[in-house]
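The structure under discussion appears below in the form of C-alpha cells.
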Amino acid sequence: MIVTQIPGVCSLRLILNLIATISRIHTFHLLKGLTSLLLTCDYLSIWKSFKQFTNKIYQLIHYIYKLLQLNSAFWKKLKSKVDDVLSSGRKKLIKLNEQAIDSSMQIYYNDNNDNNEVAKQVIVKKLKKHRQKQATLLYKAFHDGLTGLPNRNLFFNELKLVLHQSRKDLSYKYGVLFLDLDRFKVINDSLGHVIGDQVLVIISRRLQNYIKASDTVARLGGDEFTILLRSLPDADYATKVAMKINQELAQPIYVEGHEIFTTVSIGIVTNCKQFSDQLGENSFPICPIYNHPEDVLRAADIAMYRAKDLGKARYEVFDLTMHREVVSLLELENDLRRAVEMIKQNPVNSQFFLSYQPIICLTTNKITGFECLVRWAHPTKGLIQPGKFIPLAEETGLIIPLGMWILRTACHQLAVWQKRLTGRHVCSGLAYSDCNFIAHNFTMSVNISSKNISQPNFLEQVNEILAATNCQPHCLNLEITESLIMTNVDLATAVFEKLKNQNIRLSIDDFGTGYSSLSYLHQFPINTIKIDRSFVSQLDSDTSGQTLKIVSAVIALANNLDLEIIAEGIETKAQMNQLKQLKCRKGQGYFFSKPLTTSSVNELLQFTSLTSPFL
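Residue numbers are given in my numbering: position 411 of the sequence shown equals residue 422, and the series is strictly consecutive.
Take a look at the structure:
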C-alpha cells in the first residue's frame, strides 16, 4: 500500500455536493483489505511524485468529476493544471473560487480486478471535524472573546441588514445605542485588568436583560458596547431603553470581595424623526447620513461624547446640529494641522502669535513679568481664541510641536526685552549676573501641557531653547494645571525635580479648580500658586462670604509655605484692594491690562519705567 498526502483546498460547492453523497459513498467505508494504492489528499493539488500513476490519476479525477457532476469548464481547468504540474514538476495549488474552506477527502484506488477495471470510491474523511473547526473559526471571527457578545464585524453585518430593511420599508424604525463606561480606566488601574474583565462580563450580561430577543448587544472593544434595537414601537423607545440601562448599571457590581460602581454614557441614533434641510424645503424620512453602518456608529459616537461632556451617566440623542459641529471641528482640526506644520517647517512663518498680559506687584504696582497667551490668526476664520483650539491640539497631540514653538517664541521675546531694558540703565556695563536692575528678574510665564512634559526629550528641548534664545532659566516660569499634574504623578515629580535643579520656576495654574490636593504642594517643587479667576471674580459680589474665606485660606497657605501667590482675573479696584488686604503679592487681569501684542509691550516698556508704579 502506498500512502501519500496531497495538500489543498476544497471549494464550498464541492463540500455541499460531498455532503449530499455521503450516504451513498459510506457503503464503501474504510475499504479494509485494500492493498494496491491509497491516496489521501485535500483535493485539487497534484504532486509530481505521482507521475508514474499519471493515467490512473486522470481516471481518479475524472471519476470525481462525474460523481460530483462538475461542469466541463472546471474539468478543463483541472486537467490543464495537472498537465502543468506533471510536466514541470512544480507544486501548485488549484483554487476553484473565492469561497473555499479547509476539508479532507480520501481517494481509494484499487486495480486488482482481472479485467483491469478500476474500482474507485471517494469518501469524505474528517469532514465533520473540519466543519466543526470551521464553525469555531467562524464564531470567533464574529464574537468577542471575553464576553461572548457579537463583535464589531457581526454588529456591522446586522446593521447593514437593518439599514437595507429601512430603505425598502420607510415605516421600519430602528435605533442604535453607543455605550461607553465612565471612568472604567480607574477600575483597571486600581483593581487590575482581571477584575476589570470580570466587570465587563457582568455588564454584558446585564445589558442583554434590557432588550428584546430580536435586538443585538455587541462589544466593540475595551469598555465600548453597542445595542441595535429593531422594529421600534414608538419614537421614545430607544430613550426608554437608555434610561433603564443607566438606572440598572448604577447598581453596584461585586467581584472578588470588591464593591464596584460604574456608570455609562450613551449616544442614541434613531430613524424615528425627520430631518429637514435648512437650506431648502426638502425633508428626508431617513437622514442621508444613516445609509451606511459607519455613519450610524459615527453619529452615535458623537452623541455619546456629548453625553460625557455634559456630565456623564446620561444619554444624548444625535441630531444634525451635532453633526454640523463635528464637521466644523474636523475642518478646524485639518486647518490646525496645516498651521502647526507651517511652524515646523518655518517657525517665522506662523499663523499663531503670542499676546502678553502683565503680572503686577500689588504692593508697588510695578510690572514684574508677563504671561504669554497664544492666539491663532486663521486666514479665513479670523482670530480664534485658545479655548477653542487648545483642547483640540491636546486631543490630537498637536500641542507637542505647538507648545515648543510657544516656549521658544516666549523665551526669545523675554531675552529681547531684558536686553533692551538692561541697556537703558546704569548697570548695562556690568556682567549680566552682577546686574541688580529689575529687568534681570523680569519673568515670562508659559503654560505647558502634560503631553509636552511626558515627551522623553522634553528637558533636552527646554535646555536647547534656553541656550538658543539666551533666556535665563530663573526668569522662565512654567505653568501647569492641577489636573494635568495628576495624570502622571511619578513622571511629573521626576521632571519637576530636574527643572528645579536647573533653576526653572514652576507654577500651579487655576488653583482650586482641579484636584487641589495639599499633598502635591509638599511633593512637587512648586514656586507659585495662581488663584483661579472664578474665585477672584466673586470677591466683590459674594454676599455669603464663602469665596472670601476660600481665597483667604489659599493665600495664607501659600504664605506659610513660602510660595508666591498670584491672583488671576482681577477686573475691579475692589477686588485688588481685597487681595492686597489678604496679603496676596501679585495679580493680573483687565483692571491692569488686557493681553498685549508684542508691539504694544514694546511701547509700554519704552515709555514706562519699571521702577515706577504701573497704575
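Here a beta-carbon is modelled for each residue, glycine too, at the ideal position from N, C-alpha and C.
Give me, in chain order, the residues of the same chain whose beta-carbon lies closer than 6 Å to that of L160; leave out the 5 immediate sequence neighbours on both sides.
One-based indexing of the sequence shown puts residue 160 at position 149. Only S215, V228, A229 and R230 meet the Cβ criterion.
Taking only the alpha-carbon atoms, compute the straight-line gap between P397 and L347 and give it to the nearest angstrom.
Mapped onto the sequence shown, residue 397 falls at position 386. Mapped onto the sequence shown, residue 347 falls at position 336. Rounded to whole angstroms, P397 to L347 spans 12 Å at the Cα level.
What first and last residue would you give for the beta strand (DSSP E) that runs through I519?
In the sequence shown, the residue the question calls residue 519 occupies position 508. Residues R516 to F522.
What's the gap between the Cα of K605 and the Cα of L384?
For this step, residue 605 is matched to residue 594 along the sequence shown. For this step, residue 384 is matched to residue 373 along the sequence shown. Straight-line spacing of the CA atoms in K605 and L384 works out to 11 Å.
Rounded to whole angstroms, what is the Cα-Cα separation between A319 and F272?
Numbered from its first residue, the sequence shown carries residue 319 at position 308. Numbered from its first residue, the sequence shown carries residue 272 at position 261. Checking the sequence shown, residue 319 turns out to be Lys, not Ala. Spanning the two alpha carbons is a distance of roughly 17 Å.
Hey, quick one: how far does the alpha helix (DSSP H) through F546 stretch, first residue to last?
As a working mapping, residue 546 is identified with position 535 in the sequence shown. R544 to V547 is the extent of the alpha helix (DSSP H) around F546.
Give me the Cα-Cα distance between Q549 and I371, rounded to the nearest whole angstrom.
Counting from one through the sequence shown, the residue named residue 549 turns up at place 538. Counting from one through the sequence shown, the residue named residue 371 turns up at place 360. So the alpha carbons of these two residues sit roughly 20 Å apart.
Could you give the distance in angstroms between the alpha-carbon of A310 and the alpha-carbon of L593?
Mapped onto the sequence shown, residue 310 falls at position 299. Mapped onto the sequence shown, residue 593 falls at position 582. Roughly 51 Å separates the two Cα atoms.
Go to Y265, then tell me how far its beta strand (DSSP E) extends in each direction, as first and last residue.
Taking the sequence shown and counting its residues from 1, the one referred to as residue 265 is at position 254. I264 to V266 is the extent of the beta strand (DSSP E) around Y265.
Nearest-angstrom Cα distance between F522 and A314?
Here the question's residue 522 lines up with position 511 in the sequence shown. Here the question's residue 314 lines up with position 303 in the sequence shown. Taking the Cα positions, F522 is about 32 Å away from A314.
For N488 versus S460, is the C-beta distance shorter than 7 Å?
The sequence position of residue 488 within the sequence shown is 477, counting from 1. The sequence position of residue 460 within the sequence shown is 449, counting from 1. Between N488 and S460, the gap from beta carbon to beta carbon reaches 7 Å or more.
Identify, in the order they occur along the chain, each residue of the same chain with its Cβ nearer than 7 Å to the Cβ of M333, setting aside the five sequence neighbours on each side.
What you label residue 333 is simply residue 322 of the sequence shown in a count that begins at 1. In its chain, beyond the 5 residues on either side, I313, A314 and R317 have a beta carbon closer than 7 Å to the beta carbon of M333.
Quick one: Cα of G322 to Cα of A478, how far?
Taking the sequence shown and counting its residues from 1, one reaches residue 322 at position 311. Taking the sequence shown and counting its residues from 1, one reaches residue 478 at position 467. Across the structure, G322 and A478 are spaced so that their CA atoms are roughly 45 Å apart.
What did DSSP end up calling Y185 once you bin it into helix, strand or coil?
Here residue 185 is taken as the residue at index 174 of the sequence shown, counted from 1. It is coil, neither helix nor strand.
Can we count A311 as close to the ligand FAD, meaning its CB is less than 6 Å from some heavy atom?
The ligand FAD is not among the ligands present in this structure, which contains no ligands whatsoever.
Relative to the C-alpha of A350, which candidate in V337, P484, H389 and S339 has its C-alpha closest?
For the purposes of this step, residue 350 is taken as the residue at position 339 of the sequence shown. Considering only alpha carbons, the answer is H389.
Would you check if the distance between the CB atom of I581 and the CB atom of I540 is smaller than 7 Å?
By 1-based counting over the sequence shown, the position of residue 581 is 570. By 1-based counting over the sequence shown, the position of residue 540 is 529. Cβ distance not < 7 Å, so I581 and I540 don't count as in contact.
Verify whether the separation of the beta carbon atoms of N345 and M353 is less than 7 Å.
Numbered from 1 along the sequence shown, position 334 holds the residue referred to as residue 345. Numbered from 1 along the sequence shown, position 342 holds the residue referred to as residue 353. No, Cβ-Cβ distance for N345 and M353 is not below 7 Å.
With C-beta atoms as the reference, is Y301 less than 7 Å away from A253?
Against the sequence shown, residue 301 aligns to sequence position 290. Against the sequence shown, residue 253 aligns to sequence position 242. No, they are not a contact pair.
Continuous alpha helix (DSSP H) assignments of at least 4 residues falling wholly in the stretch 310-386
Taking only runs of at least 4 residues, the alpha helix (DSSP H) segments lying wholly in the stretch 310-386 are 331-356.
Buried or exposed for A567, please, with buried defined as at least 16 other CB atoms from any protein chain shown within 10 angstroms of its CB.
The residue given as residue 567 occupies position 556 in the sequence shown. Counting Cβ neighbours within 10 Å, A567 comes out exposed, since fewer than 16 surround it.
Would DSSP call N458 helix, strand or coil?
In the sequence shown, counting from the first residue as 1, residue 458 sits at position 447. Correct three-state label for N458: strand.
Could you tell me the boundaries of the beta strand (DSSP E) in which H269 lies?
Here residue 269 corresponds to residue number 258 of the sequence shown, with the count starting at 1. H269 to I271 is the extent of the beta strand (DSSP E) around H269.
To the nearest angstrom, how far is it from the Cα of K591 to the Cα of E579?
Start at 1 with the first residue of the sequence shown, and residue 591 comes out as number 580. Start at 1 with the first residue of the sequence shown, and residue 579 comes out as number 568. Answer to the nearest angstrom: the Cα atoms are 13 Å apart.
Three-state class that DSSP yields for G161 in the structure shown:
Indexing the sequence shown from 1 puts residue 161 at position 150. As written in the sequence, residue 161 is Pro, which differs from the Gly given in the question. For P161, the three-state secondary structure derived from DSSP is strand.
To the nearest whole angstrom, what separates the beta carbons of F189 and T237, a pair I think is in contact under 8 Å?
Position 178 of the sequence shown, counting from 1, holds the residue named residue 189. Position 226 of the sequence shown, counting from 1, holds the residue named residue 237. Between T237 and F189 the Cβ distance is about 6 Å, and since that is below 8 Å, they are a contact.
Taking DSSP's pairing of strands, which residues face L190 in a bridge?
Position 179 of the sequence shown holds residue 190. In the DSSP assignment, L190 forms a beta bridge with F236 and I277.
Is it buried or exposed for A224, if we count other Cβ within 10 angstroms and need 16 for buried?
For the purposes of this step, residue 224 is taken as residue 213 along the sequence shown, with counting starting at 1. Under a 10 Å Cβ-count criterion, A224 is classified as exposed, with fewer than 16 other Cβ atoms of the shown protein chains found around its own Cβ.
May I ask you to verify whether the stretch 261-270 touches the stretch 161-172, counting CB pairs closer than 8 Å and requiring at least 3?
No, they do not touch.
Measuring alpha carbon to alpha carbon, tell me which residue in D180, I222, R217 and D234 is nearest N199.
Locating residue 199 in the sequence shown gives position 188, where the first residue counts as 1. Selected option, being the one with the closest Cα: D234.
As a quick exercise: from G380, K355, E305 and K196, pick the residue whose alpha carbon is nearest that of L170.
Taking the first residue of the sequence shown as 1, we reach residue 170 at position 159. The shortest Cα separation from L170 among G380, K355, E305 and K196 belongs to E305.
Closest to I561 by CA distance: which of N571, P244 and F546 is it?
Walking along the sequence shown from the start, residue 561 turns up at place 550. For the residues N571, P244 and F546, the minimum Cα distance to I561 belongs to F546.
So, at 7 Å on beta carbons, what are the nonlocal neighbours of G414 in its own chain, with the 5 sequence-adjacent residues on each side left out?
As a first step, residue 414 must be located in the sequence shown, where it is residue number 403. Once the five neighbours on either side are set aside, the close Cβ partners of G414 are I459, S460 and N463.
Checking 7 Å against the spacing of the C-beta atoms, do L240 and D226 come in under that value?
To locate residue 240, count along the sequence shown from 1; it is residue 229. To locate residue 226, count along the sequence shown from 1; it is residue 215. In contact: L240 and D226 (Cβ atoms closer than 7 Å).
Cβ of W416 within 7 Å of Cβ of F400?
Within the sequence shown, numbered from 1, the residue matching residue 416 stands at position 405. Within the sequence shown, numbered from 1, the residue matching residue 400 stands at position 389. F400 sits away from W416, with the two beta carbons spaced by 7 Å or more.
From the DSSP output, in three-state form, read off R178 for me.
Counted from its first residue, the sequence shown places residue 178 at position 167. Helix.
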